[in-house]
């Protein structure tokens, strides 16, 4: 399939967005006969939680958007369309947004979705202080004047809040059911909520599927929501089966034990033959990056700006691209994907061994140093992170930096990077919604951001960049081309930080059986399961 990356849909908050007849067509593909045969997806399951407000991963996007619903969602052209909200409007300065809920919306237990559930869910997302909590940082208050009206007041104007409302992490949960299971939404929820274990075996959403079972390191099984309030999905059951590497995924697909393989690399794709297997390559918004932590406790030398610049100069990015994915992707300079506002026009990052050595010598490290490099031992977007880091190791050896490579399970990586920190790591990112503010929220060296914490800002405040907070505020108050220019400026500042060193944006390879219909890549939801049939 030839996919064109489209520019972000312009969101005019001052205009009332009403339900269009055309949107019903987006939700109507389930006119095909319902299928009792389970659809099996082979992928490396990177789940950190099945609690929709604690979850934060690629598989989490698939799960959240299949079992829970947000107020809005994206259509195939990345335009906002109604989901739980039938209409919405914003005030002139984009500091207040009013949503009207669809009165037909129901949870999987048959109870109505009401404004109190939205308020409770979004306050819980914010107060759990999890990885996705930053999405609600700018929310000052949520009011519910009646059962079908939600009014959100912002701390500061936000031209991107409607996009955030479409994120799968902004999931609306059945507050009564979840509260009875120990879920909390109060300000102290991060210490009093004890529902995470309950969510491993139960779901409480309004989406086309419900959780059937989860076996860690084995499979995630979803069943059709028989009480779904829109057109029911065609599939009766979806099984996501833990399959770590691309070769094993390809074997499952070709043997018929899987219907979709989600992490096939370009080399493996070339070996897949047969008329019953379809291979499609599409550009993606995903990227892989190296990150440095000046405040990591394991650092053997200070990771000063000069040392960080030397490390960046020592990375032969074109060779890394060729080594990992060849022509099936592109280089990326800033942690903003191509196709997002402000994401294009950055200069390619230079490779200069001589200058890197000169900078290290000036910093007192002419003979180099050793550095711990722990990262998830995963294959993501068709890239084996262990192989990628071996190439990084070879590159940095040329400037006398010796990396100690430590591939570890994702859960262990998450604990370390959020705890004592990791001097150097490699990891990946997929968009949480279609808007650029998330990248500044997540990667900028602003006080309290996830990566400023991981970079050790509390131990080394010098990593903070005050300019980024100012640009961020101005961009949220702007719109259109003006906002895009400001997002680009933020990208330039993040490049200068040299904490996040983006490397490659791999194309997405979609591999599936020829009888599977509806496979597509979504900017918000990864793979929309409700659109699939076979």
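Residue numbers (mature numbering (1 follows the signal peptide of the UniProt record, and there is no 0)): -33 to -1, 1 to 501. Where is the CB? At the ideal position from N, CA and C, for every residue including glycine.
query = Residues in its own chain within less than 6 Å of residue 496 by CB, not counting five upstream and five downstream?
reply = As a position in the chain shown, residue 496 is number 529, starting the count at 1. For residue 496, where only same-chain residues beyond five positions count, the Cβ hits under 6 Å are 33, 205.
request  = Excluding the 5 residues preceding and the 5 following residue 127 in the sequence, name in chain order all residues of the same chain whose CB lies nearer than 6 Å to its CB.
outcome  = What you label residue 127 is simply residue 160 of the chain shown in a count that begins at 1. Counting only Cβ-Cβ distances below 6 Å, and skipping sequence neighbours, we find 402, 404.
message = Closest to residue 348 by C-alpha separation, out of 13, 38, 48, would be which residue?
response = Your numbering for residue 348 matches position 381 in the chain shown. Nearest option by C-alpha distance: 13.
message = When you compare the segment 308 to 321 with the segment 229 to 242, are there three or more beta-carbon pairs, one atom per stretch, that lie closer than 8 Å?
response = No, they do not touch.
query = Apart from the five residues just before and just after residue 326, which ones in its own chain have a Cβ nearer than 8 Å to its Cβ?
reply = By one-based count along the chain shown, residue 326 stands at place 359. Taken in chain order, the residues that qualify are 273, 274, 276, 277, 280.
inquiry  = Taking the alpha helix (DSSP H) that residue 354 belongs to, which residues open and close that run?
reply    = Taking the chain shown and counting its residues from 1, one reaches residue 354 at position 387. For residue 354, the enclosing alpha helix (DSSP H) starts and ends at 352 to 364.
message = Taking the straight line between their C-alpha atoms, what separation do you get for residue 376 and residue 383?
response = Counted from its first residue, the chain shown places residue 376 at position 409. Counted from its first residue, the chain shown places residue 383 at position 416. Cα-Cα distance, rounded: 11 Å.
inquiry  = Going by DSSP, what residue range makes up the alpha helix (DSSP H) through residue 273?
reply    = The residue you call residue 273 lines up with position 306 of the chain shown. Counting along the chain, the unbroken alpha helix (DSSP H) around residue 273 starts and ends at 272 to 280.
key: Sub-7 Å separation of residue 53 and residue 69 beta-carbons   = Counted from its first residue, the chain shown places residue 53 at position 86. Counted from its first residue, the chain shown places residue 69 at position 102. Against a cut-off of 7 Å, the Cβ pair of residue 69 and residue 53 comes out as a contact.
query = Closest by CA to residue 152, which one among 257, 20, 223, 174?
reply = Translated into positions along the chain shown, residue 152 becomes position 185. Among 257, 20, 223, 174, the Cα nearest to that of residue 152 belongs to 20.
task = Taking residue 116 as the reference, give the member of 390, 66, 138 with the closest Cα.
result = Indexing the chain shown from 1 puts residue 116 at position 149. Among 390, 66, 138, the Cα nearest to that of residue 116 is on 66.
ask   = Starting from residue 407 and walking both ways along the alpha helix (DSSP H), at which residues does that stretch end?
value = Here residue 407 corresponds to residue number 440 of the chain shown, with the count starting at 1. In this chain, the alpha helix (DSSP H) harbouring residue 407 covers 404 to 410.
message = Assuming residue 10 is part of the alpha helix (DSSP H), what are its boundary residues?
response = Looking up residue 10 in the chain shown gives position 43. Under the DSSP assignment, residue 10 falls outside any alpha helix (DSSP H), being part of the beta strand (DSSP E) whose first and last residues are 6 to 10.
Simplified DSSP state of residue 227, which is helix, strand or coil = Here the question's residue 227 lines up with position 260 in the chain shown. Reduced to three states, the DSSP call for residue 227 is strand.
Contacting residues, own chain, Cβ-Cβ under 6 Å from residue 446 (five flanking each side not counted) = Counting from 1 along the chain shown, the entry for residue 446 is found at position 479. 126, listed in sequence order.
ask   = Which stretch, first to last residue, makes up the alpha helix (DSSP H) that contains residue 196?
value = The residue you call residue 196 lines up with position 229 of the chain shown. Boundaries cannot be given for residue 196, as no alpha helix (DSSP H) includes it and DSSP labels it neither H nor E.
ask   = To which residues of the same chain is residue 336 closer than 8 Å at the C-beta, ignoring the five residues directly before and after it?
value = Within the chain shown, the letter at position 369 stands for residue 336. Counting only Cβ-Cβ distances below 8 Å, and skipping sequence neighbours, we find 267, 268, 367, 368, 369.
message = Restricting to Cα atoms, I'd like to know which of 10, 40, 36, 18 is closest to residue 490.
response = To locate residue 490, count along the chain shown from 1; it is residue 523. Ranking 10, 40, 36, 18 by Cα distance to residue 490 puts 40 first.
key: Contact the segment 463 to 481 vs the segment 292 to 305: 3+ CB pairs below 8 Å   = With the cut-off at 8 Å, the segment 463 to 481 and the segment 292 to 305 touch.
query = Between 28, 120, 31, 77, which lies nearest to residue 57 when the distance is taken from Cα to Cα?
reply = Within the chain shown, numbered from 1, the residue matching residue 57 stands at position 90. For residue 57, the nearest C-alpha among the options comes from 120.
key: Where residue 294 falls: helix, strand or coil (DSSP)   = Counting from one through the chain shown, the residue named residue 294 turns up at place 327. Residue 294 falls in the coil class under three-state DSSP.
First and last residue of the uninterrupted alpha helix (DSSP H) at residue 221 = For this step, residue 221 is matched to residue 254 along the chain shown. Where residue 221 is concerned, the enclosing alpha helix (DSSP H) stretches over 213 to 222.
Of the listed residues 94, 114, 103, 93, nearest to residue 80 (C-alpha basis) = In the chain shown, counting from the first residue as 1, residue 80 sits at position 113. For residue 80, the nearest C-alpha among the options comes from 114.
ask   = Taking buried to mean at least 16 other C-beta atoms within 10 Å of its own C-beta, is residue 385 buried or exposed?
value = Residue numbering aside, residue 385 sits at position 418 when the chain shown is read from its first letter. Exposed, because fewer than 16 other Cβ atoms sit within 10 Å of the Cβ of residue 385.
Euclidean distance between Cα positions of residue 9 and residue 46 = To locate residue 9, count along the chain shown from 1; it is residue 42. To locate residue 46, count along the chain shown from 1; it is residue 79. Distance between the alpha carbons of residue 9 and residue 46 is about 29 Å.
task = Please list, in chain order, all residues of the same chain as residue 263 whose beta carbon is under 7 Å from its beta carbon, the five residues on each side excluded.
result = Translated into the one-based positions of the chain shown, residue 263 becomes position 296. Excluding residues up to 5 positions away in sequence, 387, 388, 389, 390, 423 lie with their Cβ nearer than 7 Å to the Cβ of residue 263 in the same chain.
ask   = Helix, strand or coil: which one does DSSP assign to residue 246?
value = Counted from its first residue, the chain shown places residue 246 at position 279. Strand, per DSSP.
Residue span of the alpha helix (DSSP H) that contains residue 439, given as start and end = Reading the chain shown from its first residue, position 472 is the one you call residue 439. Element bounds for residue 439: 433 to 444.
key: Close-in-space but distant-in-sequence residues of the same chain around residue 246 (CB under 7 Å, 5 per side omitted)   = Here residue 246 refers to the residue found at position 279 when the chain shown is read from its first residue. Correct list, in chain order: 236, 239, 476, 478.
ask   = Just to confirm, are residue 309 and residue 451 a CB contact at a threshold of 7 Å?
value = By 1-based counting over the chain shown, the position of residue 309 is 342. By 1-based counting over the chain shown, the position of residue 451 is 484. Contact annotation: residue 309 and residue 451 have beta-carbon atoms nearer than 7 Å.
message = Please report the straight-line C-alpha distance between residue 289 and residue 180, rounded to a whole angstrom.
response = If you number the chain shown from 1, residue 289 lands on position 322. If you number the chain shown from 1, residue 180 lands on position 213. In a straight line, the C-alpha of residue 289 is about 40 Å away from that of residue 180.
request  = Indicate the three-state DSSP secondary structure (helix, strand or coil) for residue 179 in the structure shown.
outcome  = Within the chain shown, the letter at position 212 stands for residue 179. Strand at residue 179.
query = Between residue 202 and residue 191, which are expected to be in contact by the criterion C-beta below 8 Å, what is the C-beta distance as a whole number of angstroms?
reply = Taking the first residue of the chain shown as position 1, residue 202 is located at position 235. Taking the first residue of the chain shown as position 1, residue 191 is located at position 224. Distance from residue 202 to residue 191 at the Cβ level is roughly 7 Å; contact confirmed, criterion being Cβ atoms closer than 8 Å.
key: Sub-7 Å separation of residue 17 and residue 37 beta-carbons   = Taking the first residue of the chain shown as position 1, residue 17 is located at position 50. Taking the first residue of the chain shown as position 1, residue 37 is located at position 70. The Cβ atoms of residue 17 and residue 37 lie no closer than 7 Å to each other.
request  = Would you mind sorting residue -2 into buried or exposed? The rule is 16 or more other CB atoms within 10 Å of its CB.
outcome  = On the chain shown, position 32 is the one that residue -2 refers to. Annotation note: pLDDT 43 at residue -2 (below 50); position unreliable, no value reported.
ask   = What are the start and end residues of each continuous alpha helix (DSSP H) run of 4 or more residues lying completely inside the segment 87 to 112, in chain order?
value = Restricted to the segment 87 to 112, not a single alpha helix (DSSP H) segment is unbroken, complete and at least 4 residues in length.
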